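Colleague: Just dropping this structure here.
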Amino acid sequence: MRLRALAKINLGLDIIRKREDGYHEVRMIMQTIQMYDVLEIYRRAEPGITLTSNLPYVPSDERNLAYKAAKLLMDEFQIKEGLSMKLEKSIPVAAGMAGGSSDAAAAFVGVNRLFDLGLSERELMERAVKVGADVPYCVMRGTALAEGIGEKLTRIPQVPRCYVLIGKPGINVSTKLAYENLNLKGITSHPDIDGMLEDIRKGDLYGMTSKMANVFEPGIIRKYPVIQEIKDLMEANGALKALMSGSGPTVFGIFDDAAKMAEAAAVLRRSNLAKTVFATEVYNRNGGATNDK
Ligand code: ATP
Numbered sequence: 348m349r350l351r352a353l354a355k356i357n358l359g360l361d362i363i364r365k366r367e368d369g370y371h372e373v374r375m376i377m378q379t380i381q382m383y384d385v386l387e388i389y390r391r392a393e394p395g396i397t398l399t400s401n402l403p404y405v406p407s408d409e410r411n412l413a414y415k416a417a418k419l420l421m422d423e424f425q426i427k428e429g430l431s432m433k434l435e436k437s438i439p440v441a442a443g444m445a446g447g448s449s450d451a452a453a454a455f456v457g458v459n460r461l462f463d464l465g466l467s468e469r470e471l472m473e474r475a476v477k478v479g480a481d482v483p484y485c486v487m488r489g490t491a492l493a494e495g496i497g498e499k500l501t502r503i504p505q506v507p508r509c510y511v512l513i514g515k516p517g518i519n520v521s522t523k524l525a526y527e528n529l530n531l532k533g534i535t536s537h538p539d540i541d542g543m544l545e546d547i548r549k550g551d552l553y554g555m556t557s558k559m560a561n562v563f564e565p566g567i568i569r570k571y572p573v574i575q576e577i578k579d580l581m582e583a584n585g586a587l588k589a590l591m592s593g594s595g596p597t598v599f600g601i602f603d604d605a606a607k608m609a610e611a612a613a614v615l616r617r618s619n620l621a622k623t624v625f626a627t628e629v630y631n632r633n634g635g636a637t638n639d640k
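With our numbering, you'll find the sequence shown wraps up at 640, consecutive numbering, no jumps.
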């Protein structure tokens with residue numbers, strides 16, 4: 348079985364407060380994009396799970412989120428057979444694009460189908476949160492509002508069709524570092540998530556992009572000014588708006604025109620500001636593409 352594990356971007360990211368248990372309460376607008384890892388899953392007679400990947404620095408044992416997800420279902424359903432997984436990563440690692448979480452979601456969907464476990468999407472999502480806060484969203488995909496620690500999901504209408512340019516500088520930012528650089532009390536303006544939701548409901552791409560914001564951005568940009576340079580380059584070359592995704596450092600630019608995006612991608616490549624440049628579009632859950640490749 349061959350599955351696509353799609354990346355996400357955060358069109359809006361707000362942090363409301365720190366809870367007593369140390370977790371942060373968030374409000375995020377999540378959007379899946381057409382950039383993906385490919386996960387191949389095979390049944391085999393010998394018990395156990397093996398995983399190989401094209402990236403030597405991605406763990407291939409229980410620390411890999413796809414492995415964790417597969418093991419969780421195999422243990423619960425006491426599956427005696429074994430599983431081998433082959434992961435082809437294209438989503439940049441530690442980049443704010445939920446690559447690992449999406450691989451885990453693909454493993455949940457794949458193991459459910461491969462062994463005919465009969466779990467519904469909702470039942471998979473209930474188990475997915477045990478692997479990570481973003482994993483239920485990666486099972487669900489599309490456009491969604493994420494609240495709580497990211498696991499409380501409300502589906503919202505699909506954003507209008509638009510083009511997405513990804514630019515990831517050659518640095519890695521851990522989510523931990525992003526939280527450490529965040530001064531919650533110092534946040535004077537919070538993203539207008541409700542306004543964005545209204546724009547999305549109305550199908551108003553220009554209203555939505557004008558409100559796009561991420562509370563992690565100022566702290567991370569202070570540390571890595573290259574993020575601001577990539578944003579400026581995209582906006583000078585036709586992006587309606589460019590924003591850092593998640594805890595960074597990936598920047599995405601939203602375009603209303605594919606040709607304009609292609610030109611901006613060429614300028615970004617020539618600039619050498621970004622290590623990964625990828626031109627794509629938003630994924631439409633209702634648009635036919637399925638989890639199978
Ligand atoms: P998020 O947007 O959810 O914060 P991220 O893009 O910051 O995710 P990931 O790419 O998911 O981060 O990976 C972060 C770390 O998780 C990596 O450093 C890696 O060691 C580990 N990891 C575990 N499983 C995977 C996987 N399947 N793919 C990539 N990294 C993985």
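Note that beta-carbon positions come from the ideal geometry of N, C-alpha and C, so glycine has one too.
Note that the structure is a prediction, hence the values are computed from the model and not measured.
(1) S592: which of K549, A480, I388, V520 sits nearest, CA to CA?
(2) So, is Q425 buried or exposed, given that buried needs 16 or more other C-beta atoms within 10 angstroms?
(3) Around the C-beta of N411, are 16 or more other C-beta atoms found within 10 angstroms, so that it is buried, or is it exposed?
(4) Taking only heavy atoms of the ligand ATP into account, decide whether any of them is closer than 7 Å to the Cβ of G446.
(5) For G443, which residues of its own chain have a beta-carbon under 6 Å away from its beta-carbon, when the five flanking residues on both sides are left out?
(6) Could you tell me if the beta carbon of L524 falls within a distance shorter than 7 Å of some heavy atom in the ligand ATP?
(7) Can you have a look at S449 and say buried or exposed, based on whether 16 or more other CB atoms are within 10 angstroms of its CB?
(8) Could you tell me the alpha carbon to alpha carbon distance between G542 and G554, rounded to whole angstroms?
(9) Report the rounded CA-to-CA distance for L386 versus R351, giving the unit in angstroms.
(10) Rounded C-beta distance between L461 and M348? I'm assuming under 8 Å.
(11) By how many angstroms is the C-alpha of L434 removed from the C-alpha of T399?
(12) The ligand ATP heavy atoms versus the CB of L412: any closer than 7 Å?
(13) Would you check if there are 3 or more beta carbon pairs closer than 8 Å linking the region 354 to 361 to the region 373 to 382?
(14) Could you tell me the alpha carbon to alpha carbon distance between R390 and T397, rounded to whole angstroms?
(15) Taking 7 Å as the cut-off, is the C-beta of D450 nearer than that to any heavy atom in the ligand ATP?
(16) Please determine, among M432, A392, L471, V511, the residue with the shortest C-alpha to C-alpha distance to Y630.
(17) Could you give the first and the last residue of the continuous alpha helix (DSSP H) run that contains E372?
(18) With a Cβ-Cβ cutoff of 8 Å, do A452 and V486 count as a contact?
(19) Going straight from the alpha carbon of A621 to that of A589, what length do you get?
(20) Using a Cβ cut-off of 8 Å (strictly closer), state whether D361 contacts chain C.
(21) Below 8 Å on the Cβ atoms is my guess for A586 versus I601; work out the distance and round it to an integer in Å.
(22) Do you know offhand how far V458's Cα is from K532's?
(23) Excluding the 5 residues flanking I503 on each side, which residues of the same chain have their C-beta closer than 8 Å to its C-beta?
(24) Tell me the rounded alpha-carbon separation between V476 and I496.
Modeller: Taking the geometry as given:
(1) Residue mapping note: residue 592 aligns to position 245 of the sequence shown, counting from 1. Selected option, being the one with the closest Cα: V520.
(2) Counting from one through the sequence shown, the residue named residue 425 turns up at place 78. Under this definition Q425 is an exposed residue.
(3) By one-based count along the sequence shown, residue 411 stands at place 64. With 16 or more other Cβ atoms from the protein chains shown falling within 10 Å of its own Cβ, N411 counts as buried.
(4) Residue mapping note: residue 446 aligns to position 99 of the sequence shown, counting from 1. Distance from the C-beta of G446 to the nearest heavy atom of the ligand ATP is below 7 Å.
(5) Here residue 443 is taken as the residue at index 96 of the sequence shown, counted from 1. Result list for G443: S592, G593, S594, G595, T597, in chain order.
(6) The residue given as residue 524 occupies position 177 in the sequence shown. Distance from the C-beta of L524 to the nearest heavy atom of the ligand ATP is not below 7 Å.
(7) Locating residue 449 in the sequence shown gives position 102, where the first residue counts as 1. By the neighbour-count criterion, in which 16 or more other beta carbons inside 10 Å mark a residue as buried, S449 falls on the buried side.
(8) As a position in the sequence shown, residue 542 is number 195, starting the count at 1. As a position in the sequence shown, residue 554 is number 207, starting the count at 1. About 8 Å.
(9) On the sequence shown, residue 386 is found 39 positions in, with the first residue counted as 1. On the sequence shown, residue 351 is found 4 positions in, with the first residue counted as 1. If you take the alpha carbons of L386 and R351, they lie about 6 Å apart.
(10) Here residue 461 refers to the residue found at position 114 when the sequence shown is read from its first residue. Here residue 348 refers to the residue found at position 1 when the sequence shown is read from its first residue. Contact flag correct, Cβ pair sits at about 6 Å.
(11) Sequence index remark: in the sequence shown, residue 399 carries index 52 (1-based). Sequence index remark: in the sequence shown, residue 434 carries index 87 (1-based). One C-alpha to the other measures close to 6 Å.
(12) Start at 1 with the first residue of the sequence shown, and residue 412 comes out as number 65. Yes.
(13) At 8 Å Cβ cutoff, the stretches touch.
(14) Within the sequence shown, the letter at position 43 stands for residue 390. Within the sequence shown, the letter at position 50 stands for residue 397. Between R390 and T397, the C-alpha separation is close to 11 Å.
(15) Sequence index remark: in the sequence shown, residue 450 carries index 103 (1-based). Result yes, Cβ under 7 Å from the ligand ATP.
(16) The sequence position of residue 630 within the sequence shown is 283, counting from 1. Measuring from the Cα of Y630, the nearest candidate turns out to be V511.
(17) Along the sequence shown, read from residue 1 onward, the residue named residue 372 stands at position 25. For E372, there is no enclosing alpha helix (DSSP H); the residue is found in the beta strand (DSSP E) stretching over 371 to 391.
(18) Within the sequence shown, numbered from 1, the residue matching residue 452 stands at position 105. Within the sequence shown, numbered from 1, the residue matching residue 486 stands at position 139. In this structure, V486 lies closer than 8 Å to A452 by Cβ.
(19) Stepping through the sequence shown from its first residue, residue 621 is reached at position 274. Stepping through the sequence shown from its first residue, residue 589 is reached at position 242. Spanning the two alpha carbons is a distance of roughly 14 Å.
(20) Checking the listed chains, one finds no chain C in this structure; it contains a single protein chain.
(21) The sequence position of residue 586 within the sequence shown is 239, counting from 1. The sequence position of residue 601 within the sequence shown is 254, counting from 1. Your pair A586 and I601 checks out as a contact, with CB atoms roughly 6 Å apart and the cut at 8 Å.
(22) Counting from one through the sequence shown, the residue named residue 458 turns up at place 111. Counting from one through the sequence shown, the residue named residue 532 turns up at place 185. Within the model, the alpha-carbon separation for V458 versus K532 is close to 44 Å.
(23) Counting from one through the sequence shown, the residue named residue 503 turns up at place 156. Cβ neighbours of I503 within its own chain (closer than 8 Å, five residues either side excluded): I376, T490, A491, L492, L544, I547, R548.
(24) Within the sequence shown, the letter at position 129 stands for residue 476. Within the sequence shown, the letter at position 149 stands for residue 496. Distance between the alpha carbons of V476 and I496: 10 Å.
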